[in-house]
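Chemist:
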Amino acid sequence: QVQLVESGGGLVQPGGSLRLSCAASGSAFSIYAMGWYRQAPGKQRELVARISSRGNTVYADSVKGRFTISRDNAKKTVYLQMDSLKPEDTAVYYCIRIDPINTPIGSWGQGTQVTVSS
16 QVQLVESGGG
26 LVQPGGSLRL
36 SCAASGSAFS
46 IYAMGWYRQA
56 PGKQRELVAR
66 ISSRGNTVYA
76 DSVKGRFTIS
86 RDNAKKTVYL
96 QMDSLKPEDT
106 AVYYCIRIDP
116 INTPIGSWGQ
126 GTQVTVSS
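Shown next, in the form of structure tokens:
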């Protein structure tokens, strides 16, 4: 059973930056693709970035050029560097293992709140 703990969220002004971390427990972290999702109030959860086991990345159009996903398999951690933040990036951010068609695998963690506001 893999457990995921997200951290690094907070309140930031528009144009600012945050770096989210997702620490995983359990084995076989390195063989799975990982995704960062977000859910804003009243909206569906959406995939914003994914990284394959080999480090290949894909981003949602809304964050492309501003967010960077990375992973450190030795530390069993995946990161989301968020730059040039906008108010519409406000959401709870979650990480999770995903399969090749981006279906989440396992249980969601508690997420980390990101609020972009002046």
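Using the numbering used here, the first residue of the sequence shown is number 16, and each one after it goes up by one. C-beta atoms are modelled at their ideal positions from N, C-alpha and C, and glycine is treated no differently. Note that this is a predicted model, so its numbers are computed, not measured.
State the CB to CB distance for the pair residue 131 and residue 98, rounded to an integer number of angstroms; the pair is presumed to be in contact (CB under 8 angstroms).
Modeler: Locating residue 131 in the sequence shown gives position 116, counting from the first residue. Locating residue 98 in the sequence shown gives position 83, counting from the first residue. Going by Cβ atoms, the distance from residue 131 to residue 98 rounds to 12 angstroms, so no, they are not a contact pair.
Chemist: Give me the DSSP bridge partner(s) of residue 119.
Modeler: To locate residue 119, count along the sequence shown from 1; it is residue 104. Per DSSP, 113.
Chemist: Considering only DSSP beta bridges, list what residue 104 is partnered with.
Modeler: In the sequence shown, counting from the first residue as 1, residue 104 sits at position 89. Its beta-bridge partners do not exist; DSSP assigns none.
Chemist: Would the beta-carbon of residue 129 be found less than 7 angstroms away from any heavy atom of the ligand SAM?
Modeler: In terms of ligand content, the structure shown is empty, and the ligand SAM therefore cannot be addressed.
Chemist: Would you report the Cα separation of residue 95 and residue 114, rounded to the nearest angstrom?
Modeler: As a first step, residue 95 must be located in the sequence shown, where it is residue number 80. As a first step, residue 114 must be located in the sequence shown, where it is residue number 99. Whole-angstrom Cα-Cα distance: 19 angstroms.
Chemist: Which residues mark the beginning and the end of the beta strand (DSSP E) in which residue 82 is found?
Modeler: Position 67 of the sequence shown, counted from the start, is the residue given in the question as residue 82. Per DSSP, residue 82 belongs to the beta strand (DSSP E) from 82–87.
Chemist: Here's a check: name, in chain order, each residue in its chain whose Cβ is nearer than 6 angstroms to the Cβ of residue 93, leaving out the five neighbours to either side.
Modeler: Working through the sequence shown from its first residue, we reach residue 93 at position 78. So the list reads 37, 49, 86, 110, once near-sequence residues are dropped.
Chemist: According to the Cβ coordinates, are residue 117 and residue 35 closer than 8 angstroms?
Modeler: Within the sequence shown, numbered from 1, the residue matching residue 117 stands at position 102. Within the sequence shown, numbered from 1, the residue matching residue 35 stands at position 20. It is not a contact, given that the beta carbons lie outside the stated cut-off.
Chemist: Using DSSP with H/G/I as helix, E/B as strand and the rest coil, what is residue 45?
Modeler: Stepping through the sequence shown from its first residue, residue 45 is reached at position 30. In this structure, residue 45 counts as helix in the three-state DSSP scheme.
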